[in-house]
Ligand SMILES: [Zn+2]
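Numbering (this note's numbering), first residue to last: 22 to 278.
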């Protein structure tokens with residue numbers, strides 16, 4: 022392998038890494054977007070549930086109102102019966118007993134009417150709260166629908182972009198020697214297998230050496246290592262972060278990176 026060819030291989034590997042870094046970003050976004058959509062859905066569901074709870078509260082109050090009104094009607098019927106009986110009784114005692122029954126019904130009515138008044142207030146309050154909640158839920162849903170549509174559009178665009186880049190990557194790959202490619206792929210695969218490694222994979226397998234510094238770990242490359250790397254005779258690795266070094270050529274006329 023001539024020196025020039027190794028330098029070119031390093032340049033190509035670096036380009037591959039740049040491509041993969043973009044692909045990793047796209048992949049990350051493709052994973053994030055469905056999560057964002059699920060969050061929007063959860064927000065909408067939460068509001069819908071609050072509306073349901075409020076509706077149930079209102080329904081309960083209305084049920085109690087109907088029950089109390091039915092009680093008043095029954096009391097009225099009963100009162101009517103007592104009054105009819107009063108017209109046909111012969112003794113004073115019987116008349117007074119019926120009178121007491123009627124008074125008892127009047128007390129019951131007064132109690133029920135107090136409760137009905139409270140229930141009416143509750144009803145008004147709950148209706149207003151429900152209306153407000155429904156308006157909020159509607160707004161929330163409309164916003165979520167718009168956002169979801171945009172996210173789904175973004176998802177399609179990104180997926181198309183990824184497919185395009187994968188195709189270009191496949192066409193690019195044969196330019197790199199199989200041995201370098203394999204080394205690179207093995208390393209990437211090992212990194213991506215772990216959660217913390219994924220971040221490492223994004224930082225890259227190959228590190229640029231600029232101004233005598235490793236651009237990945239930001240540590241100065243030892244002069245001997247730098248000299249060695251600038252010969253491009255054999256792969257040289259950063260002594261600190263262990264990445265394959267692609268260093269700036271000693272002569273400025275060679276393109277870099
Ligand atoms: Zn380094």
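Just so you know, even glycine gets a beta-carbon here, dropped at the ideal spot from N, CA and C.
- prompt: Which partner residues of residue 234 appear in the DSSP bridge assignment?
  reply: By 1-based counting over the chain shown, the position of residue 234 is 213. Answer by DSSP bridge pairing, in chain order: 231, 241.
message: I want to know whether the region 240-255 touches the region 198-218 - three or more CB-CB distances under 8 Å.
response: Verdict: no, contact absent.
field: Whole-angstrom distance between residue 179 and residue 227, CA atom to CA atom
entry: Here the question's residue 227 lines up with position 206 in the chain shown. Here the question's residue 179 lines up with position 158 in the chain shown. Our two residues, residue 227 and residue 179, have alpha carbons roughly 26 Å apart in a direct line.
- request: Please confirm whether any heavy atom of ligand 1 lies closer than 7 Å to the CB of residue 220.
  value: Locating residue 220 in the chain shown gives position 199, counting from the first residue. Ligand 1 has no heavy atom closer than 7 Å to the beta-carbon of residue 220.
- prompt: For the alpha helix (DSSP H) that contains residue 194, what are its first and last residues?
  reply: Here residue 194 refers to the residue found at position 173 when the chain shown is read from its first residue. Run containing residue 194: none; DSSP gives neither H nor E here.
message: Does the distance between the C-beta of residue 246 and the nearest non-hydrogen atom of ligand 1 fall short of 7 Å?
response: By one-based count along the chain shown, residue 246 stands at place 225. Because no heavy atom of ligand 1 lies under 7 Å away, the Cβ of residue 246 does not count as near it: no.
query: What is the DSSP secondary structure of residue 103, counted as helix, strand or coil?
result: As a position in the chain shown, residue 103 is number 82, starting the count at 1. Here DSSP, grouped into helix, strand and coil, assigns residue 103 to helix.
query: How about residue 227: is its Cβ closer than 7 Å to a heavy atom in ligand 1?
result: Taking the chain shown and counting its residues from 1, one reaches residue 227 at position 206. Every heavy atom of ligand 1 is 7 Å or more from the Cβ of residue 227, so no.
Neighbourhood of residue 137 by C-beta, 6 Å cutoff - its chain only, sequence neighbours within 5 removed: Translated into positions along the chain shown, residue 137 becomes position 116. Here the set comprises 89.
task: Report all residues from its chain with a CB closer than 7 Å to the CB of residue 168; omit the five preceding and five following residues, and keep chain order.
output: Stepping through the chain shown from its first residue, residue 168 is reached at position 147. Contacts found: 61.
query: Are at least three pairs of beta-carbons, each pair with one atom in the region 118-138 and one in the region 159-178, less than 8 Å apart?
result: For the pair of segments examined, the region 118-138 was found not to touch the region 159-178: the number of CB pairs separated by less than 8 Å stays below three.
- prompt: Do you know whose CA, among 257, 69, 153, 84, lies nearest residue 141's CA?
  reply: Counting from 1 along the chain shown, the entry for residue 141 is found at position 120. Looking at the Cα atoms, 84 is the closest of the given residues.
query: Do the region 87-106 and the region 192-201 touch if we need at least three Cβ pairs shorter than 8 Å?
result: These segments do not touch.
message: Strictly by DSSP, which residues pair up with residue 265?
response: Taking the chain shown and counting its residues from 1, one reaches residue 265 at position 244. Residue 265 pairs with 227, 258.
field: Contact the region 223-238 vs the region 72-84: 3+ CB pairs below 8 Å
entry: Flag = no, the region 223-238 and the region 72-84 do not touch.
- request: Compute the beta-carbon to beta-carbon distance between residue 155 and residue 72, rounded to the nearest angstrom, for a pair I have assumed lies under 8 Å.
  value: In the chain shown, residue 155 corresponds to position 134, counting from 1. In the chain shown, residue 72 corresponds to position 51, counting from 1. Contact between residue 155 and residue 72 holds: CB atoms are separated by about 6 Å, below the 8 Å threshold.
query: Is the closest heavy atom of ligand 1 to the C-beta of residue 215 under 7 Å?
result: Working through the chain shown from its first residue, we reach residue 215 at position 194. Ligand 1 has no heavy atom closer than 7 Å to the beta-carbon of residue 215.
message: Suppose the cutoff is 6 Å on Cβ atoms and the five residues either side in sequence are ignored; what does the same chain contact list for residue 267 look like?
response: As a first step, residue 267 is located in the chain shown; it is residue number 246 there, counting from the start. These residues qualify, in order along the chain: 31, 35, 227, 229.
query: So what does DSSP say about residue 34, is it helix, strand or coil?
result: Start at 1 with the first residue of the chain shown, and residue 34 comes out as number 13. Helix.
message: Which same chain residues end up closer than 6 Å to residue 259 when comparing Cβ atoms and leaving out the 5 residues on each side of it in sequence?
response: Here the question's residue 259 lines up with position 238 in the chain shown. For residue 259, where only same-chain residues beyond five positions count, the Cβ hits under 6 Å are 228, 235, 266.
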